[in-house]
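First comes the structure, then the notes that go with it.
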Amino acid sequence: MKEFIDKIKPLSVLKERLEGLRKEKIIVFTNGCFDILHPGHIRYLYEAKRLGDILVVGVNSDDSIRRIKGEQRPIMDERARSEMLSVLPFVDFITIFDEDTPYNLIKEIRPHILVKGGDWEEDRIVGADIVRALGGRVVR
């Protein structure tokens with residue numbers, strides 16, 4: 076189980092790790108609550124990984140989810156949600172973020188590719204401006 080748990084990194088450690096990979100690998104980023112992981116999430120993450128070499132998943136913290144979705148959420152705590160994602164072989168790294176959006180996380184990680192679900196309107200994708208300014212692309 077340790078090899079899976081090792082995928083879960085605080086942002087400071089993740090940034091350092093990605094710096095060493097950035098020159099040779101394409102870094103893909105996506106995020107979500109993943110509060111009850113379902114087959115749609117799994118397909119989405121699998122397809123995201125196919126776009127590059129390293130898939131980083133930002134997971135909303137429990138506090139973040141409560142602010143966004145209400146006091147009854149999350150159903151599963153942030154650690155359980157992260158551990159469930161960690162067993163997926165196509166997920167390379169997971170980091171938990173406390174903000175309501177992943178904007179600052181995207182700014183710090185600087186992915187080559189930002190992935191959001193097809194239900195997101197292009198102009199509403201948080202962090203798209205950052206990724207494009209760095210020469211990256213946004214995929215829906």
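Our numbering puts the first residue of the sequence shown at 76, with every later residue one more than the last. Ideal Cβ positions, reconstructed from N, Cα and C, are used throughout, including at glycine. Computed from a prediction, not measured in an experiment: that's the story for all the values here.
Whole-angstrom C-beta distance between residue j and residue i, which should lie under 8 Å
i      : j      : result
SER161 : LYS90  : That pair is no contact at about 19 Å.
GLU213 : ARG207 : Note that residue 213 is Val in the sequence shown here, rather than Glu. That pair is a contact at about 7 Å.
ARG170 : VAL201 : The question names Arg, but residue 170 in the sequence shown is Thr. The pair is not a contact, with the Cβ atoms about 16 Å apart (cut-off 8 Å).
Residue i to residue j span [Cα, whole Å]
i      : j      : result
GLU153 : ASN135 : 7 Å
SER139 : MET151 : 13 Å
LYS77  : ASP167 : 14 Å
ASP128 : ILE101 : 5 Å
GLU94  : ILE111 : 31 Å
DSSP-derived helix/strand/coil call for residue i
i      : result
LEU160 : helix
GLY115 : helix
VAL206 : helix
LEU180 : helix
Best match in the options for proximity to residue i [C-alpha to C-alpha]
i      : options                        : result
GLY211 : ARG92, PHE104, LYS77           : PHE104
GLU174 : ALA123, ILE117, ARG142, ILE111 : ARG142
Start-end ranges of the alpha helix (DSSP H) lying completely within the stretch 80–105, minimum 4 residues = The qualifying runs are 86–97.
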